[in-house]
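Structure first, then comments.
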Amino acid sequence: MKDNKIKWLILAIPTLTIGLWEYIRHAFLLPYMSMELGNMLAPFIVLAVTLTLVRSLFSRLEHSQKALQREKASNAALEERERLARELHDGISQSLFLLAVKLDQLDKIAPEGQVRQLGAGLRETVRVIHEDVRQAIANLRLPPYPADAAWVVPLRQLLGDTADVTEAEAEFNWNIPEGSLTDKEKVELHACVREALINVRKHARAAKVYVLGEADGSGGFRCAVEDDGLGFIGDPLQRPGRFGLRMVKDRAERMGWGFSLERRGDRTVAEWVKRGGQAG
Numbered sequence: 000m001k002d003n004k005i006k007w008l009i010l011a012i013p014t015l016t017i018g019l020w021e022y023i024r025h026a027f028l029l030p031y032m033s034m035e036l037g038n039m040l041a042p043f044i045v046l047a048v049t050l051t052l053v054r055s056l057f058s059r060l061e062h063s064q065k066a067l068q069r070e071k072a073s074n075a076a077l078e079e080r081e082r083l084a085r086e087l088h089d090g091i092s093q094s095l096f097l098l099a100v101k102l103d104q105l106d107k108i109a110p111e112g113q114v115r116q117l118g119a120g121l122r123e124t125v126r127v128i129h130e131d132v133r134q135a136i137a138n139l140r141l142p143p144y145p146a147d148a149a150w151v152v153p154l155r156q157l158l159g160d161t162a163d164v165t166e167a168e169a170e171f172n173w174n175i176p177e178g179s180l181t182d183k184e185k186v187e188l189h190a191c192v193r194e195a196l197i198n199v200r201k202h203a204r205a206a207k208v209y210v211l212g213e214a215d216g217s218g219g220f221r222c223a224v225e226d227d228g229l230g231f232i233g234d235p236l237q238r239p240g241r242f243g244l245r246m247v248k249d250r251a252e253r254m255g256w257g258f259s260l261e262r263r264g265d266r267t268v269a270e271w272v273k274r275g276g277q278a279g
């Protein structure tokens, strides 16, 4: 039922109720009921009808208005995502392309020696950043997922993208209940898993990649990104250029989660743990 029709019914029902009551009273009840009693009963009859029919109509109207507000918010979010995607493409992406062109010019000027080695390293950095920007643009132009899957489905997609790029097998095993995490925890955990998967894609050369999410039954969880790739030597958090991993560690510490990055058998495991009863 359309909103306008609901509004007209809300306005008309009390009037129709009084009219119908007066007709029934005068046509059938007048010999058995005095005018004073009929007048006294009229507001109670209107109140009873209002509490049943009109209240139900108000509820439907409120539900319709909320649905309209959600649709407007969704459209506004889509427009904002598209605007951000355009800015990334027209700004950062184009600047990276120009930087790559200038690096090619540098190779022609200094074809040998340390300058060429430095240029090769910069070119690889530009390539990786450009790939990340393109992925960000693609993600922004995807429609947002429904609220009940707004953070789990993108994690599965990230794993699939990583597997496609690295030609690895992927396994996604997730049983953390949707309602057990706060919105902030979902945002932070998504960012951590994303950075770990990007690290696998860039460095691991893995044949298998796993994303695991397990609830502990008391409000906590264990989340892990595992791969059977090359692994690492020493502490990867202290290696130059690993800013992303250090940011992941900082995010986990701010949330009060345990974080570890270590080699376990033939797997490299990045793991986040929230103890049950711990505030999010």
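When we follow numbering that gives the first Met the number 0, the leftmost residue of the sequence shown carries the number 0, and every step to the right adds one.
Here a beta-carbon is modelled for each residue, glycine too, at the ideal position from N, C-alpha and C.
Every value quoted in this text rests on a predicted model; they were computed, and no experiment measured them.
Sub-8 Å separation of residue i and residue j beta-carbons
i: E187; j: R245; result: no
i: A214; j: N174; result: yes
i: W20; j: A47; result: no
i: L211; j: A223; result: yes
i: G90; j: D106; result: no
i: G218; j: S179; result: yes
i: H189; j: P153; result: yes
i: R122; j: L102; result: yes
i: K201; j: V247; result: no
Local Cβ density within 10 Å of residue i, reported as buried at 16 or more and exposed below that
i: R262; result: exposed
i: P145; result: In this predicted model, P145 has a pLDDT of only 44, less than 50, meaning its place in the structure is not dependable enough to derive any value.
i: T181; result: exposed
i: K273; result: buried
i: N198; result: buried
i: W271; result: buried
i: E225; result: buried
i: D2; result: exposed
i: F220; result: buried
i: R193; result: buried
i: D147; result: With a pLDDT of 45 at D147, under the threshold of 50, the modelled position of that residue is not reliable, and the figure given next carries that caveat. Classification for D147: exposed.
i: G120; result: exposed
i: M32; result: exposed
i: L158; result: buried
i: A167; result: buried
i: G264; result: exposed
For residue j and residue i, believed in contact at Cβ under 8 Å, the rounded distance
i: V132; j: T161; result: About 17 Å separates the two Cβ atoms, so there is no contact after all.
i: G228; j: A203; result: 3 Å
i: L83; j: V125; result: Incorrect: roughly 21 Å between the Cβ atoms, too far for contact.
N-terminal and C-terminal residue of the alpha helix (DSSP H) that residue i is part of
i: G18; result: 2-23
i: E187; result: 182-198
i: K107; result: 93-108
i: N38; result: 34-48
Terminal residues of the beta strand (DSSP E) in which residue i lies
i: D226; result: 220-226
Given 8 Å, three or more beta-carbon pairs between the region 12-19 and the region 48-65: yes
Three-pair Cβ contact test at 8 Å for the region 227-238 versus the region 251-271: yes
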